[in-house]
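Scroll down for the structure; my scribbles are underneath it.
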Amino acid sequence: MTRFSALWLLPLLLASTTVSAQQPAPGAPPLPPAPPPNAAPPQPQPDGTQAAPPPDAQPPPAYPPQAAPPPAAYPPPGGYPPPAGYPPPAGYPPAQGYPPPAGYPPPGYPPSGYPPPGYPAQPGYPAPYGSPYGGGRPPGYETHDGGYLRLQLGGGYTSMKASSGGDTAEISGGGGAFGISLGFALAPNFIIYGAIMDSVASNPDIKINGVSGGSGSGSAGVVGLGPGAALYFEPSNTFLSATLLFSQLVVNDSSGNKIGQSDWGATFELEAGKEWWVSDNWGIGGSAQLMLGAMKDKDTLDTGDPPTWNLVAFSILFCATYN
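Residue numbers (my numbering): 634 to 956.
Here it is in structure tokens:
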């Protein structure tokens, strides 16, 4: 029995000794990890090549590690495209082809009067004619400079009155008026010119000492020529002009024959008007004209002091001006 018990304990003692032999001694370095139970070292092949790893073996990681590619829906470099129909931020000009939002551009843009008249085009940056953004206007465009021509035609009222020896004579009536002025600009909007002007009363009424003697069948009027000046005001294109005329009164019969006249005298003409540009250099409009003058009567039979004819004429004229 004792021998049987010892033999029975012998396998247990051997097993304990094997386990204790696998433990490291105190102070010894740790043992390397044991290989997995299913792993087997690759065996060399007869041809000298290495055996293929098992199907479930993981490949070793690459070095250095590679960055993973971005997903297909990742935004492209340079900005994320806005979704369809996304409006631009407030105050940002709309993209080409995008309908502008309500209220864009703001009221008053571009500002009125831009570019200023006569603003020259920048060198190397021509702009199309009529463009509201720079480029300027061609020289002389809607400006009062250079040569000057004004044509006038209209009608009004002419009155001539004289006194001699206590008697008063007056010739008056309505009729036509015309004028031609030719000159040049001394400075922008300031013109000097020479003019020929005429104001005529057709079939005038004749009064002696205030009593009407009937209507004549001819005409009576004043014709004069002399220097003048005009000043234009922009941007309204209104003007004032004044002319000093060397003038003469002329009376004609119904056949146009001269039956009376005065000596040459002086007549002052004052005019105010407004014109509108209809092309680069032509303007049309209207004006009001006042003429005041005094001329001595020309009577060779009168040995005394001849009477003086006082002229008052008022006309409304149509104007056409080239400048």
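Note that beta-carbon positions come from the ideal geometry of N, C-alpha and C, so glycine has one too.
None of the values given here were measured: they were computed from a predicted structure.
Is the beta carbon of residue i sitting closer than 8 Å to the one on residue j?
i	j	result
residue 857	residue 900	yes
residue 814	residue 924	no
residue 949	residue 816	no
residue 822	residue 782	no
residue 916	residue 870	yes
residue 861	residue 898	no
residue 806	residue 836	yes
Alpha carbon to alpha carbon, how far is residue i from residue j?
i	j	result
residue 947	residue 931	24 Å
residue 818	residue 777	7 Å
residue 886	residue 951	28 Å
residue 834	residue 890	15 Å
residue 943	residue 909	35 Å
residue 859	residue 876	7 Å
residue 896	residue 928	6 Å
residue 795	residue 838	14 Å
residue 740	residue 867	25 Å
residue 785	residue 954	9 Å
residue 880	residue 911	34 Å
residue 872	residue 905	6 Å
residue 883	residue 841	18 Å
residue 941	residue 893	14 Å
residue 802	residue 775	48 Å
residue 945	residue 907	23 Å
residue 845	residue 830	29 Å
residue 918	residue 797	42 Å
residue 853	residue 913	40 Å
residue 825	residue 903	14 Å
residue 787	residue 811	6 Å
residue 855	residue 920	19 Å
residue 878	residue 793	16 Å
Between which two residues does the beta strand (DSSP E) holding residue i run?
i	result
residue 883	871–885
residue 774	Premise fails: residue 774 is in no beta strand (DSSP E) and is neither H nor E.
residue 856	852–866
residue 897	Looking at the DSSP string, residue 897 is not in any beta strand (DSSP E), and its letter there is neither H nor E.
residue 838	838–841
residue 799	First-last for residue 799: undefined, no H or E at that position.
residue 920	915–929
residue 833	823–835
residue 953	941–955
If we count the other Cβ atoms within 10 Å of its Cβ and call it buried at 16 or more, is residue i buried or exposed?
i	result
residue 804	buried
residue 956	buried
residue 735	exposed
residue 799	exposed
residue 820	exposed
residue 843	exposed
residue 779	exposed
residue 874	buried
residue 938	exposed
residue 850	exposed
residue 888	exposed
Check the Cβ-Cβ distances between residue i and every residue of chain B, and say whether any is below 8 Å.
i	result
residue 739	Note that chain B does not occur in the displayed structure, where there is just one protein chain.
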